[in-house]
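**Student:** Before we start, here is the structure in question, set down as structure tokens.
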Amino acid sequence: MTKAVADLAHLAWATADNPRKESLDRIFADMREGLGPLPTVEFVTDRRDAIGRALAAAKSGDCVVIAGKGHETTQEFADTVVPFDDRQVVREILELRRGAQP
Numbered sequence: 001m002t003k004a005v006a007d008l009a010h011l012a013w014a015t016a017d018n019p020r021k022e023s024l025d026r027i028f029a030d031m032r033e034g035l036g037p038l039p040t041v042e043f044v045t046d047r048r049d050a051i052g053r054a055l056a057a058a059k060s061g062d063c064v065v066i067a068g069k070g071h072e073t074t075q076e077f078a079d080t081v082v083p084f085d086d087r088q089v090v091r092e093i094l095e096l097r098r099g100a101q102p
């Protein structure tokens, strides 16, 4: 998925979906493997932050694709499962953004 993003997107933020017990450094190293320099991809450890950065950078006419979790409503870290729904995160960020504008 990272290769497709690097090939097709002009800006991208990569993050983990369910890191479980795997380190984020390892996940990001796997994503980078074989891609060479990635001027358009920023690796962000916090998924909510990555989504926020993508939405903040989007301009009128841009398309923001949030991939990886699909319909899942939780995120898994080691032995912890926390509520996390990409759709809800996008709604919250856009509502805050709308509220901040005059």
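For the sequence shown, position 90 (counting from the first letter as 1) is numbered 90 according to my numbering, and the numbering increases by one without interruption. Just so it is clear, CB atoms sit at the ideal spot from N, CA and C, and this is done for glycine as well. Everything numeric in this text was worked out from a predicted model, so none of it was measured.
Excluding the 5 residues flanking Val-89 on each side, which residues of the same chain have their C-beta closer than 6 Å to its C-beta?
**Tutor:** Excluding residues within five positions, the ones whose Cβ falls inside 6 Å are Arg-48 and Ile-51.
**Student:** Under 8 Å by Cβ, that's how I've got Lys-59 and Asp-17 pegged, so tell me the actual separation to the nearest angstrom.
**Tutor:** Beta-carbon to beta-carbon, Lys-59 and Asp-17 are separated by about 26 Å, too far to satisfy the 8 Å threshold.
**Student:** Mapping the DSSP letters down to three states, classify Ser-42 as helix, strand or coil.
**Tutor:** According to the sequence displayed, residue 42 carries Glu and not Ser. Note: Glu-42 maps to strand in three-state DSSP.
**Student:** Give me the DSSP bridge partner(s) of Ala-12.
**Tutor:** Val-41
**Student:** Leaving aside the five residues before and after Arg-87 along the sequence, list all residues of the same chain whose C-beta is less than 8 Å from its C-beta, in chain order.
**Tutor:** For Arg-87, where only same-chain residues beyond five positions count, there are no Cβ hits under 8 Å.
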